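The sequence shown begins at 98 in the working numbering and counts up by one. Virtual Cβ for every residue (Gly too), placed ideally from N, Cα, C. All figures in this text were calculated on a predicted structure; none of them were measured in a lab. Scroll down for the structure; my scribbles are underneath it.
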Amino acid sequence: MLQRKQLMDGDRNRAVVVSVARYDPGVPLGQRPGVRKDEKRLHRTLSRLGFKVELHSDLSSDEIYQLFLEESRRPVKDCFLAVLSSHGEEGCVFGADGQPVHLSRIFTYFNNDYMERKAKLFLIQACRGDDLDDGVEVDSVTDTIESSSLQYLSVPVDTAVMYATAPGYGAFMHPLGSVFLQTFCTLLEEEGNRNLELTRLMTRLSHRVAYTFQAKGRVLGGKKEMPCLLTRLTREVFPFAEPEKDGGTTGISATALVDPENVRRRTPSIS
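Have a look at this one:
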């Protein structure tokens, strides 16, 4: 029975949404109104695109680690999508118990034979520091650069990580949902965006958030948010492409990858 379920799971792309809205008593982290709005919309949007979606709420740090360890060894058709939504700092998000979940550790789980040649996308809705974005370019501090480098080195090949905000900056959450994840869903629901190659879609997501969102209120009024993409993709990926009525896919298949054998070869040179 278990083997049959695994085979069925392997016939579909999978999405796992892990979010923390309420923290354990005594944890000095504020509640996050709007998380349930994000969960419901992600489930609805991704399910319509053929993903098998699982929601996990208010897990402890150890439970989050264990969940992703198990998920990294489950069959998937072409693409695995993970969403982590919580309070955070650069390099980590926090479980419901207030303990850090280091993203580099999560990423390394997916560097295995089960996920080889599968497209992997992580969406991180969490702060990466305390700074607020005024919409101007600033220099990053040294420790932020070092932390970002560590995360990059831990990311497996054929993986993209899209952060809600740049290193060192805060990410906004609203009672109606986060601007980052709500905009992601809006793009997938609009005509034409679903068939975009993944990096083009993420670029469009960055543009939409950066140029259409501006915080309101006396304290945060005028502050902006700029998503940040980290990618180790070696091929073009189309994880949300719409299937045609005849059962095929529009243009290139849903997660069609460029076959290395079809890439024009050139003689190596040193200049």
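Exercise. For K215, does the three-state DSSP call read helix, strand or coil?
Worked result: Translated into the one-based positions of the sequence shown, residue 215 becomes position 118. It is coil, neither helix nor strand.
For this session: For T328, write down the residues that DSSP places opposite it in a beta bridge.
Result: Here residue 328 refers to the residue found at position 231 of the sequence shown. Listed as beta-bridge partners of T328 by DSSP are A257.
For this session: Write down the C-beta distance between R305 and T280 rounded to the nearest angstrom, noting that I regard them as a contact closer than 8 angstroms.
Result: The residue labelled residue 305 in the question sits at position 208 within the sequence shown. The residue labelled residue 280 in the question sits at position 183 within the sequence shown. With a beta-carbon spacing of about 5 angstroms, R305 and T280 fall inside the 8 angstroms limit used to define contacts.
For this session: Would you identify the three-state DSSP class for M323, choosing helix, strand or coil?
Result: As a first step, residue 323 is located in the sequence shown; it is residue number 226 there, counting from the start. Here DSSP, grouped into helix, strand and coil, assigns M323 to coil.
Exercise. How would you write the range of the alpha helix (DSSP H) that C282 sits in, first residue to last?
Worked result: Mapped onto the sequence shown, residue 282 falls at position 185. Here the alpha helix (DSSP H) through C282 covers 276-286.
Problem set entry | Continuous alpha helix (DSSP H) assignments of at least 4 residues falling wholly in the region 115-198 | If we require 4 residues or more, the alpha helix (DSSP H) runs fully inside the region 115-198 come out as 132-145, 158-168.
Exercise. Taking C-beta to C-beta, are L302 and T142 nearer than 8 angstroms?
Worked result: Sequence index remark: in the sequence shown, residue 302 carries index 205 (1-based). Sequence index remark: in the sequence shown, residue 142 carries index 45 (1-based). The answer is no: Cβ separation not under 8 angstroms.
Exercise. Going by beta carbon distance, what residues of the same chain come within less than 6 angstroms of L178, once the five residues before and after it are set aside?
Worked result: Position 81 of the sequence shown, counting from 1, holds the residue named residue 178. Result list for L178: A112, L218, in chain order.
For this session: Pull up the DSSP beta-bridge partners for R202, would you.
Result: By 1-based counting over the sequence shown, the position of residue 202 is 105. Answer is none; R202 lacks a bridge partner.
Problem set entry | Member of C189, V258, A216, L250 whose CA lies at the smallest distance from the CA of C224 | Here residue 224 is taken as the residue at index 127 of the sequence shown, counted from 1. Checked all of C189, V258, A216, L250; the closest Cα to C224 is C189.
For this session: On a CA-only basis, which of Q128, S201, E322 is nearest V252? Give me that one, please.
Result: Locating residue 252 in the sequence shown gives position 155, counting from the first residue. Minimum Cα distance to V252 is reached at S201.
For this session: Go to A307, then tell me how far its alpha helix (DSSP H) extends in each direction, as first and last residue.
Result: Taking the sequence shown and counting its residues from 1, one reaches residue 307 at position 210. Run containing A307: 295-309, per the alpha helix (DSSP H) assignment.
For this session: Evaluate the contact criterion for the region 326-338 versus the region 267-274: three or more CB pairs, one atom per stretch, below 8 angstroms.
Result: Taking a cut-off of 8 angstroms on C-beta distances, the region 326-338 does not touch the region 267-274, as fewer than three cross pairs fall below it.
For this session: Can you give me the Cβ contacts of V258 inside the same chain, cut-off strictly under 7 angstroms, excluding the 5 residues immediately before and after it?
Result: Position 161 of the sequence shown, counted from the first residue, corresponds to residue 258. If the five residues before and after V258 are omitted, its C-beta is found closer than 7 angstroms to the C-beta atoms of F219, I221, V252, L327, all from its own chain and listed in chain order.
For this session: With a threshold of 16 other CB atoms inside 10 Å of the CB of Y308, please say whether the residue is buried or exposed.
Result: Here residue 308 refers to the residue found at position 211 of the sequence shown. By the neighbour-count rule (16 or more Cβ atoms within 10 Å), Y308 is not buried but exposed.
Exercise. When DSSP labels each residue in this structure, what does L273 get in the three-state scheme?
Worked result: Taking the sequence shown and counting its residues from 1, the one referred to as residue 273 is at position 176. Coil.
For this session: Could you check which residue in F148, V114, M212, N208 has the C-alpha nearest to that of L156?
Result: For the purposes of this step, residue 156 is identified with residue 59 of the sequence shown, where counting begins at 1. The shortest C-alpha separation from L156 is found at V114.
Exercise. From R119, Y120, L295, G147, pick the residue whose C-alpha is nearest to that of D108; which is it?
Worked result: Working through the sequence shown from its first residue, we reach residue 108 at position 11. D108 has its Cα closest to that of G147, out of R119, Y120, L295, G147.
For this session: Report the partner residues of L220 according to the DSSP bridge assignment.
Result: Along the sequence shown, read from residue 1 onward, the residue named residue 220 stands at position 123. Answer by DSSP bridge pairing, in chain order: V180, M259.
Exercise. In the DSSP assignment, what residue or residues form a beta bridge with A113?
Worked result: Here residue 113 is taken as the residue at index 16 of the sequence shown, counted from 1. Ala is not the amino acid found at residue 113; the sequence shown has Val there. Among the bridge pairs identified by DSSP, V113 is matched with E151, A179.
Problem set entry | Inter-stretch contact (C-beta, 8 angstroms, three-pair minimum) for the region 198-214 and the region 163-178 | Yes, the region 198-214 touches the region 163-178.
For this session: Please report how far the alpha carbon of V254 lies from the alpha carbon of N110, in whole angstroms.
Result: By one-based count along the sequence shown, residue 254 stands at place 157. By one-based count along the sequence shown, residue 110 stands at place 13. Distance between the alpha carbons of V254 and N110 is about 18 angstroms.
For this session: Please look up how many angstroms separate the CB atoms of P264 and E187, rounded, as I've assumed it's under 8 angstroms.
Result: Here residue 264 refers to the residue found at position 167 of the sequence shown. Here residue 187 refers to the residue found at position 90 of the sequence shown. With 8 angstroms as the limit, P264 and E187 qualify as a contact, their Cβ atoms being about 6 angstroms apart.
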